Amino acid sequence: MRSYTLRALRRDPDEIDIDFALHGVEPGASVQAGPASRWAARAAAGDRVLLLGPAVADNRAIRFRPPEDTGLVIVWGDETAVPAASAIVESLPAGTRARVWLEVPHAGDIQDLTTEADVEITWLVREEKGGDEGSSPMALDLLRDTLITAADRPYVWLAGESGCVKRLRRHFVRERDIDRRRVTFVGYWRHGVSEEELRTEG
Ligand SMILES: Cc1cc2nc3c(=O)[nH]c(=O)nc-3n(C[C@H](O)[C@H](O)[C@H](O)COP(=O)(O)OP(=O)(O)OC[C@H]3O[C@@H](n4cnc5c(N)ncnc54)[C@H](O)[C@@H]3O)c2cc1C
Numbered sequence: 002m003r004s005y006t007l008r009a010l011r012r013d014p015d016e017i018d019i020d021f022a023l024h025g026v027e028p029g030a031s032v033q034a035g036p037a038s039r040w041a042a043r044a045a046a047g048d049r050v051l052l053l054g055p056a057v058a059d060n061r062a063i064r065f066r067p068p069e070d071t072g073l074v075i076v077w078g079d080e081t082a083v084p085a086a087s088a089i090v091e092s093l094p095a096g097t098r099a100r101v102w103l104e105v106p107h108a109g110d111i112q113d114l115t116t117e118a119d120v121e122i123t124w125l126v127r128e129e130k131g132g133d134e135g136s137s138p139m140a141l142d143l144l145r146d147t148l149i150t151a152a153d154r155p156y157v158w159l160a161g162e163s164g165c166v167k168r169l170r171r172h173f174v175r176e177r178d179i180d181r182r183r184v185t186f187v188g189y190w191r192h193g194v195s196e197e198e199l200r201t202e203g
């Protein structure tokens, strides 16, 4: 069993979209493939898959819960969290201010997102900057140069590779002294560790 985000859900006919970030399936890949990435790379019309998912419209699994007084929404995600972050950005109401940093392997992974909110999105492309497969968040230096004050009443949502998520959380909570209750962070995967190993560790 592996966890994936419903990027979209439609009725009549019932359809869902899931965006799989493939890893380890290209020849000579330096990272291992897992069952989900392997399955997605070969999936064809007619293949069967068993899904367990939320039965209610309010998908709490995304855990995006800004406090009522939030003045600035800050989002960081890597390619595995682009589906969730995109859904968040698209759901933000008009008048909300947001700064979003999304890290992806290739320029072709950049997507056009639509939103009514006042959102500034920065896409960071690892292959262009010589990044090392996501073990260190490219956004960190940019974040350090970004003016965010307590008066912004920020709410931060972070999801992606768990080492990156931890480093960014430390930046917001320790370096910026943002109340930890205003920082939601979720490790979506970890280098060298499969999802069941990650779950066993808790
Ligand atoms: C709530 C939640 C929502 C998620 N939503 C999505 C989503 O919408 N799209 C998506 O692509 N992923 C998503 N993920 C991440 C996905 O579940 C993991 O990447 C998962 O480990 C993939 O399973 P696998 O069978 O391919 O690899 P596993 O068997 O779990 O791992 C095998 C090896 O691959 C490595 N690995 C795992 N993922 C990656 C990666 N992305 N890049 C490089 N190496 C990797 C592991 O470190 C391990 O060494 C989500 C995770 C969570 C918890």
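Under the working numbering, think of the first position of the sequence shown as 2, with each following residue one higher.
We put the beta carbon where it would ideally sit given N, CA and C, even for glycine.
No experiment lies behind these values; they were computed from the predicted model shown.
| Query | Result |
| --- | --- |
| Should residue 87 go down as buried or exposed, given a rule of 16 or more other Cβ atoms within 10 Å for buried? | buried |
| What is the DSSP secondary structure of residue 123, reduced to helix, strand or coil? | strand |
| Check whether the Cβ atoms of residue 106 and residue 6 sit closer than 7 Å, and answer yes or no. | no |
| What would DSSP say about residue 142, mapped onto helix, strand or coil? | helix |
| I'd like to confirm something about residue 33: is its beta-carbon nearer than 6 Å to some heavy atom of ligand 1, or not? | yes |
| Would you call residue 142 buried or exposed, if buried means 16 or more other Cβ atoms sit within 10 Å of its Cβ? | exposed |
| Alpha carbon to alpha carbon, how far is residue 33 from residue 176? | 34 Å |
| Once you ignore the five residues that flank residue 9 on each side, which residues in its own chain have a CB closer than 6 Å to its CB? | 18 |
| Mind the definition here: the segment 186-194 touches the segment 147-166 only if three or more C-beta pairs lie below 8 Å; say whether that holds. | yes |
| DSSP three-state label for residue 155, please. | strand |
| In chain order, what residues of the same chain lie with their CB nearer than 8 Å to the CB of residue 91, ignoring the 5 residues before and after it? | 114, 115 and 116 |
| If you follow the beta strand (DSSP E) that residue 101 is in, where does it begin and where does it stop? | 98-105 |
| Do you know whose CA, among 55, 70 and 69, lies nearest residue 63's CA? | 55 |
| Taking buried to mean at least 16 other C-beta atoms within 10 Å of its own C-beta, is residue 79 buried or exposed? | buried |
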